[in-house]
Structure formats: structure tokens, C-alpha cells
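The structure appears below as C-alpha cells.
Residue numbers (full-length UniProt numbering): 1 to 517.
Shown next, in the form of C-alpha cells:
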């Protein structure tokens, strides 16, 4: 990553002509009395990424960013003042029963042909970007044994099979002590099942179970599923071991070696870019997320959709307040209805927990200049680009079509990543303004910083610096094309992300809205 040193005079970014606030660009913010090129003078210090009032805003009047209302002034806001979270009343969420539905469907973009990457073709037609042995579990009870076995597999067996990238334990906290037949239990169950079917596992996943748990192995794997190879032994139950821990480890290793031999025979082949399944997410967001990184992802998303690929965006609570902008873009009324249904389900889920979408915004988000979930949502959905929304995937479901897809997930980074893996994601891109070492073991994660200052502080964690957009050193279009080519290079194995190089990854965390017994 080449970083260009720069020094700015006082600068802000205004995104829409209707906006009465703008975001300060300068590292370290601007002091009292700072004069911008248009004559605006600050009446107090305003930190970087925070909002400055462009005009006097009377009490009760709307505060606009992205051309949308992000709040109402609780007190008079002076021109040149720092507009703080505590000075705004958050608007109500858009009612779901009166949303526009497929009434502003974008024209189909011109196809983008001739782009390819080197991937692993699977028996079910999907393509992996990595060649990984996955070993999944039916219950948390077996986690310690499996992690011990995986450590030995990596140390003793993996060096013999140089064409296999890794062995990964798909451990989780589900499986027993749960209401397995509860109304919403289908979500964690199908998530566990579909994680084992991820394209990067090559159809060779194994299952380790205890034996007496509520989630039985046959609910994870079943005969006739073309996405997994069940011709060789694929299941090991710890309770069937006769001589204890040592035998458990040896037998798991024997099962693993059978799969490693088959995975090692696989080779990358040239496949069209349409075989990519990209998942997009943001975490540790700030006010630059919707200015730099997410717009660049949106441009790259449009390129991928034009190339026939599958692109998923997610995070229910970070869509909810801007959902009216998405249902209008839905390809059909059926897609719009499916999106509304997911929002409604999540509203009810939060209500059952005596919470609402305002609980989403973190202290770090606020320190980074995001006043509330409304402002955060407007910046989050920019990742979706300008294409029509072609489908909706429920939590734990597997994506079955190409195009731009809303994958319904909570906004929690690790839960969202887990559900996108279950949907079939073979490459992940993650934007951050505050910074996070987030990573996934099952798919490469491209980390994009919203600010150059973060990229400079974390040069061996951030893969792409989108902060160049804010300082005028790159355009959204430039960075979108850069990301598009970077995705194909990472998918091909020609480049490894920093998270891959450091082997940084978060745990698999299932979304389980059902009761625990």
C-alpha cells in the first residue's frame, strides 16, 4: 500500500445540496475560528468526521445529511458549531405498511464481460476461492476435542498436502440445552447445515458429534445433497469411542486424512467472475463510512453485478431506517415484499427483547461522528450501489441466484459474517472507520479503511485505503475499479489479505432467536 503524505487546509464534505451539515475532513479536526474556503468559520473546535452546521438551524428544525433527515434540533444550532449527538432528536422509523415497492427499478446495467478468476470448481457447480477442509460440530460439548485434533492435523498432516489451504473447525455454541423444536430454531439449524456446504470447503466437510445432543448429525448432513460428498465416512461420534481421548483424536485425524487426500488433488481453474459470491459488511463505522469506503464498495458492487456475480449486503438494523430507498429499487414487488417481511420480523424480534433499532449505534460509532442509527443506516446502504435488488435471503438460508441480494442478518460483525458464510459467500469485504482486526477462517476478508489516518496507523491490517477519496487523491470510480480487480486477485489466490497472512479470525457465532432450555 502506497500512502501519500498530505496536509489539508480546513475542509469539509457536503454530500447533498439539501444538507445543512457537513463532515470535517482534517486529521485531528479543525480548531475554533477555522475558516473554510466558502467563508464558513467554526465557532468551536470540531473533531474529524464530526458534523459542522452550515447554517443556523432553529430548535425543532430538521438536520439533513445525504439529503435526508437524520434528526431534529433539540436546541438552536449556530452556523459553524459542532453538531453533537445529544443535540438531535432521532426520527421515527419509516412505517413498513406504506413503503414504495419496485416503483424506481434501475435499468439493467450493461454487461461486463471477459473478467475471470482462478477458483476451485465444486461438484454442485459452485466455486471456491480457497481449498479448505472444514470440520463442523453438532454441539459445543465436542469443541475441546476437535480443537485439539485440528491443532495436530495442522501440525502433522497438513504439510503433506500442499494444495490444501487450511483445516478449520466450525465450532459453535448450539446443539443441546436448546428448544430444538421452537418456532425460530430453524435459523441456527439451517445455519449449521449451510456452513458445511460453503463453496470454500469443496463438498468435503466432516461432522463431529457427541451422540446424545438434540441437534443430530443427520440434520447437518443428509443423503442426496449434491453439495457434500458422503461416499466416504463423514461422521464421528465421540460417545462411540471405546478407549478414550487418545482414540478420539486418532480417529478424527484418520477421517480428516481421507478428505485431505481428495482436496489435495484439486487445482484452480479459470472461471468467469460470475462465480464470485461476495459478502459486504461494515464494522467500527464512522461518518466517513458513507463518504469513502461504502460508496467505493457500491461502485465495485455494480461492476460485479454487471459481470454476473452475486453480491450480498446485510445488517437489518443498518437498513431499517433507509429501507424506503431499497424497496423502491427492488426488481419486483415480490422482492420488495420479502425485504419488508424481514424488516418486520426483526422489528418484532427486537420488541420481544424490549429493545429497538436505536440500540445498534456503539460508543465508537458516536465517537466517529455518527449521531444515531438513522445517519448510520444512510451510510451503510451505500454499499449496495445502484443496481436493482434481485433477491432476499433469510438468516441461515443459502443464496440460490445471482445479482444483488439482501442477506438478512443482525448487524453484529461476527453473526453477520457467519450468516453470509452460510449463504455461500466465498469472499468477504469489510469496511471500518474506527478499526477492527476482524477476520474469517473460511473465506478471505478484504479490509477497507474509511480514513487514511487509520490505514497509516494499521498498515499491516488494512488492505485498501479508501480515505484517499476524502482528500481528493482518488475518486469513487477509481477506487471501485481498484477493489474490483483486488477482489479477483484475492479470489484467485494471487494476493492474500492481511487477515489471512496473520491468520486472524473471529469465532463462528450463530444467530439463535429461539429459547435456551
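The beta-carbon is built from N, C-alpha and C at its ideal position, and this holds for glycine as well. Computed from a predicted model, the values in this text were never measured in an experiment.
Going by DSSP, name the residue or residues bridged to residue 280. Bridge partners of residue 280 according to DSSP: 429.
When 367, 119 and 320 are compared against residue 344, the one with the closest alpha-carbon: If we check each option's Cα against that of residue 344, 320 comes out closest.
Would you mind giving the Cβ-Cβ distance between residue 300 and residue 480, rounded to the nearest angstrom? I have them listed as a contact below 8 Å. Under the criterion of beta carbons closer than 8 Å, residue 300 and residue 480 qualify as touching, at roughly 4 Å.
Going by DSSP, what residues sit across from residue 53 in a beta bridge? Residue 53 is bridged to 21.
Between the CA atoms of residue 501 and residue 225 - distance to the nearest angstrom: When rounded, the distance between both Cα atoms is 33 Å.
I need the straight-line Cα distance from residue 11 to residue 151, nearest angstrom please. For residue 11 and residue 151, the gap between their C-alpha atoms comes out near 51 Å.
Quick check on the burial criterion: 16 or more other C-beta atoms within 10 angstroms. Buried or exposed for residue 407? Counting Cβ neighbours within 10 Å, residue 407 comes out buried, since at least 16 surround it.
Ranges of the beta strand (DSSP E) found wholly within the stretch 281 to 360, counting only runs of at least 3: Runs of the beta strand (DSSP E) lying entirely within the stretch 281 to 360 and spanning at least 3 residues, in chain order: 310 to 313.
Classify residue 6 as buried or exposed, calling it buried when 16 or more other Cβ atoms lie within 10 Å of its own Cβ. Note that residue 6 has pLDDT 47, beneath the 50 cutoff, so the model's placement of it is unreliable and no number is given.
Please confirm whether residue 163 and residue 266 have their CB atoms less than 8 Å apart. Taking 8 Å as the cut-off, the Cβ atoms of residue 163 and residue 266 count as close.
Do residue 417 and residue 506 have their C-beta atoms within less than 8 Å of each other? A distance below 8 Å separates the beta carbons of residue 417 and residue 506.
Under the rule that 16 or more other beta-carbon atoms within 10 Å means buried, what is residue 210, buried or exposed? The residue in question, residue 210, is buried, as its Cβ has 16 or more Cβ neighbours within 10 Å.
How do the stretch 19 to 29 and the stretch 45 to 60 stand: do at least 3 beta-carbon pairs fall below 8 Å, yes or no? Remark: three or more beta-carbon pairs, one from each stretch, lie closer than 8 Å, so the stretch 19 to 29 and the stretch 45 to 60 are flagged as touching.
Check whether the Cβ atoms of residue 509 and residue 374 sit closer than 8 Å, and answer yes or no. Not in contact: residue 509 and residue 374 (Cβ atoms no closer than 8 Å).
In terms of residues, what are the limits of the alpha helix (DSSP H) holding residue 189? 186 to 195 is the span of the alpha helix (DSSP H), which, as asked, contains residue 189.
Spatial neighbours of residue 78 in its chain, beta-carbon cut-off 7 Å, leaving aside the 5 residues before and after: Same-chain partners within the cutoff: 43, 53 and 56.
Rounded to a whole number of angstroms, what is the C-alpha to C-alpha distance between residue 262 and residue 202? Cα to Cα, residue 262 sits roughly 10 Å from residue 202.
List in chain order: all unbroken beta strand (DSSP E) runs of 3+ residues lying wholly within the stretch 390 to 457. Those beta strand (DSSP E) runs which fall completely within the stretch 390 to 457 and span 3+ residues are 391 to 393, 403 to 407, 427 to 432 and 445 to 449.
On a CA-only basis, which of 466, 286 and 72 is nearest residue 297? Give me that one, please. Residue 297 has its Cα closest to that of 466, out of 466, 286 and 72.
Decide if residue 165 is buried, meaning its Cβ has at least 16 other Cβ atoms within 10 Å, or exposed. Label assigned to residue 165: buried.
Can you name, in chain order, every residue of its own chain whose Cβ lies under 7 Å from the Cβ of residue 513, other than the five neighbours on each side? Hits under 7 Å: 184, 187 and 349.
Can you tell me whether residue 379 is buried or exposed? The criterion is at least 16 other CB atoms within 10 Å of its CB, across all chains shown. A residue is called buried when at least 16 other Cβ atoms come within 10 angstroms of its Cβ; residue 379 meets this threshold and is buried.
One or two residues paired with residue 117 in a DSSP bridge: Note: residue 117 sits in a beta bridge opposite 271.
Just checking my contact of residue 131 with residue 64 at CB under 8 Å: how many whole Å lie between their CB atoms? At roughly 49 Å, the Cβ-Cβ gap does not stay under 8 Å, so residue 131 and residue 64 are not in contact.
For a test of the three-state rule: what should DSSP assign to residue 504, helix, strand or coil? Looking at residue 504 - three-state DSSP - the assignment turns out to be coil, as it is neither helix nor strand.
Quick one: what's got a C-beta closer than 7 Å to residue 103's C-beta in the same chain, skipping five residues either side? The residues are 328.
Is the distance from the Cβ of residue 120 to the Cβ of residue 268 below 8 Å? Against a cut-off of 8 Å, the Cβ pair of residue 268 and residue 120 comes out as a contact.
Could you work out which residue in 368, 464, 304 and 318 is closest to residue 387 when comparing CA atoms only? Ranking 368, 464, 304 and 318 by Cα distance to residue 387 puts 304 first.
With a Cβ-Cβ cutoff of 8 Å, do residue 178 and residue 517 count as a contact? A contact, by the Cβ cut-off of 8 Å.
Sorted by chain position, which residues of the same chain lie with C-beta nearer than 7 Å to residue 149's C-beta, five sequence neighbours on each side aside? 249, 252 and 253.
Just how far apart, CA to CA, sit residue 346 and residue 34? Approximately 44 Å between the Cα atoms of the pair.
Quick one: what does DSSP say residue 384 is sitting in, helix, strand or coil? In the structure shown, residue 384 sits in a helix (DSSP, three-state: H, G or I).
Beta-bridge partners of residue 208, as assigned by DSSP: Residue 208 is bridged to 137 and 236.
Can you tell me which of 98, 281 and 83 puts its alpha carbon nearest to the alpha carbon of residue 341? It is 98.
Which class does residue 532 belong to by DSSP, given the choice of helix, strand or coil? The first residue shown for the chain is 1 and the last is 517, placing residue 532 beyond what the model contains.
Whose CA, out of 158, 138 and 60, lies closest to the CA of residue 214? Looking at the Cα atoms, 138 is the closest of the given residues.
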